[in-house]
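Taken in order, the sequence shown gives residues 6 to 339; the numbers are from our numbering. Glycine included, every Cβ here is placed at the ideal spot set by N, Cα and C. Remember, predicted model here, so these are calculated numbers, not experimental data. Single-structure report; data block below.
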Amino acid sequence: MARYFEREKTQNMILKKLLITICGILTALIIVELAIRFVVAYPVTPKRKQIIFLSENDHFHHISLYAPHSEFWSVEGGCRKFRRNNAGLPGTDITISDSSRYVFLAGSSFIEAYQVEGDSTASAIFQNKLQKCISPRLQVLNLGESKLDVYTAWFRIILFAEKYKPDKIVLAIEDFHRDWLEEYDNLSFDAPEDFCLPVESSLRFRISEVLVHYSSFLNLLREIYWHGGRKVKELLDETRPVDDNEMPEAFIESLFQFHESYGDDFLLVSFSDNEEINRILESFCKMHDINFQYTETILLPQNRFNGDGHLNLEGNRKLGEFLYEAFLETYEVK
6 MARYFEREKT QNMILKKLLI TICGILTALI IVELAIRFVV AYPVTPKRKQ IIFLSENDHF
66 HHISLYAPHS EFWSVEGGCR KFRRNNAGLP GTDITISDSS RYVFLAGSSF IEAYQVEGDS
126 TASAIFQNKL QKCISPRLQV LNLGESKLDV YTAWFRIILF AEKYKPDKIV LAIEDFHRDW
186 LEEYDNLSFD APEDFCLPVE SSLRFRISEV LVHYSSFLNL LREIYWHGGR KVKELLDETR
246 PVDDNEMPEA FIESLFQFHE SYGDDFLLVS FSDNEEINRI LESFCKMHDI NFQYTETILL
306 PQNRFNGDGH LNLEGNRKLG EFLYEAFLET YEVK
């Protein structure tokens, strides 16, 4: 009998220690969650709609459409939380109305500019000057996205053209990005059959989406696991020196498609600091009557984070002013 009570006492002690341990872990997790959410201010994953974009493309197989004013985190921007605009896009708010005239601004992560406040992005500076000096009806849609090349920009534009009828298309580039374009075979500019269809997610993914929508800590862990290395690689891809200045065939085909579809309403701008690239583009666009403007004063070390990263506040300001000047140089003020 004594051995029975001794065993019962031991089991109770083990159970008590287990409960204390579980309570301690839960308490620690709650403290960590509160610290990350309210002290560090790291956001949860915002509501988003995932749709199939280019199903044959590894990087752009699908994309996310975000809710208005949803939050995101930027390490390069100083480990800070920023907000998208009222259209769920980077940059400042736009006026969505039947009288608005939409200027689509497409480009890579330099145009996306997730490293600065929305009102300080090049697209916001561009819009502000357009509205003050030309017409308050002009609204700039920032369609920039990491690794967006001239070919995938075509599909991003036709995606948003379903909702916002573009008045002008401005494609801003900083490089040919030959290595990106080499991934494509037999270019087709027709939207794939599954274009814009919802992504069929696994049960595991749907559960994780719910968890990271309510927990900043879990969202941070998932971001580190899934996206940390990839984002660093994408930054290196977009900022590394150019090895080959010859215009890729896929780049040429894409420019012809833009020009054929939008004519004079299409404007190609280059802010590459590579003189040879700009010389080639200027000659090509002049030969084929494509609107083109360029500058070599943007991608300077003083205009970039750490001298070789994305554009800082000054770099975005200068790029926004250049976009306005290029627009004004190309089109008559109406």
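When DSSP states are grouped into helix, strand and coil, Leu202 belongs to the coil group. If you draw a straight line from the Cα of His293 to the Cα of Arg85, it is about 44 Å long.
The region 121–132 and the region 59–70 do not touch, with fewer than 3 CB-CB distances between them shorter than 8 Å. Linking Leu143 to Phe332 through their CA atoms gives a straight-line distance of about 12 Å. The beta carbon of Val274 sits closer than 6 Å to the beta carbons of Ala177, Gln298 and Ala331 from its chain, once the five residues preceding and following it are set aside; these are given in chain order. Fully contained in the region 249–320 are the following beta strand (DSSP E) runs of length 3 or more, in chain order: 271–275 and 296–299. Taking each of Thr157, Asn91, Leu148 and Thr100 in turn and checking the Cα distance to Leu260, the smallest one comes out for Thr157.
With the rule of 3 Cβ pairs closer than 8 Å, the region 128–141 does not count as touching the region 70–83.
Of all C-beta pairs linking the region 179–198 to the region 94–109, fewer than three are shorter than 8 Å, placing the two stretches out of contact.
Taking C-beta atoms as the reference points, Leu324 and Ile295 fail to come closer than 8 Å.
Distance from the CA of Arg284 to the CA of Ile257, rounded to the nearest whole angstrom, comes to 15 Å.
Excluding five sequence positions before and after Asp270, the CB atoms of its chain that fall closer than 8 Å to its own CB belong to Pro171, Asp172, Lys173 and Ile174, given in chain order. Per the coordinates, the alpha-carbon of Leu328 lies some 6 Å from the alpha-carbon of Phe131.
The beta carbons of Glu179 and Phe276 sit closer together than 8 Å.
Between Asn250 and Glu301 a beta carbon distance of about 14 Å is seen, past the 8 Å cut, so the two are scored as non-contacting. In this structure, Leu146 lies near Phe109, with their beta-carbon atoms less than 8 Å apart. When DSSP assignments are scanned along the region 67–155, the uninterrupted stretches of beta strand (DSSP E) that are 3 or more residues long and fall wholly within it turn out to be 67–71, 76–79, 85–88, 106–111 and 143–147. Pairing Arg89 with Lys54, the inter-Cα distance amounts to about 15 Å. Per the C-alpha coordinates, the member of Ile25, Asp313, Ile57 and Lys152 positioned closest to Leu164 is Ile57. Cα atoms of Ala196 and Asn91: separation of roughly 27 Å, rounded to the nearest angstrom. Arg161 places its beta carbon less than 8 Å from that of Ala111. At the C-beta level, Ser113 and Lys152 come within 8 Å of one another.
Residue environment for Ile116: buried (at least 16 other C-beta atoms within 10 angstroms of its C-beta). Distance from the CA atom of Leu272 to the CA atom of Asn321, rounded to whole angstroms, is 19 Å. If you check the CB distance, Gly96 and Thr126 come in under 8 Å.
Between Asp278 and Ser60, the CB-CB gap reaches or exceeds 8 Å.
A straight line joining the alpha-carbon of Arg309 with that of Tyr71 spans about 27 Å.
Shown here, Lys54 sits in a strand according to DSSP, grouped into three states. For Leu176, the enclosing beta strand (DSSP E) starts and ends at Pro171 to Ile178.
Here DSSP, grouped into helix, strand and coil, assigns Phe181 to coil. The straight-line gap separating the alpha-carbon atoms of Asp98 and Asn317 is approximately 20 Å. Residues Phe256 and Ser259 of the same chain have their beta carbon placed closer than 6 Å to that of Val155, with the five preceding and five following residues left out of the count. Within a 10 Å sphere around the beta-carbon of Pro203 sit fewer than 16 other beta-carbons, which makes this residue exposed. With a threshold of 16 other beta carbon atoms within 10 Å, Ser206 falls short and is exposed.
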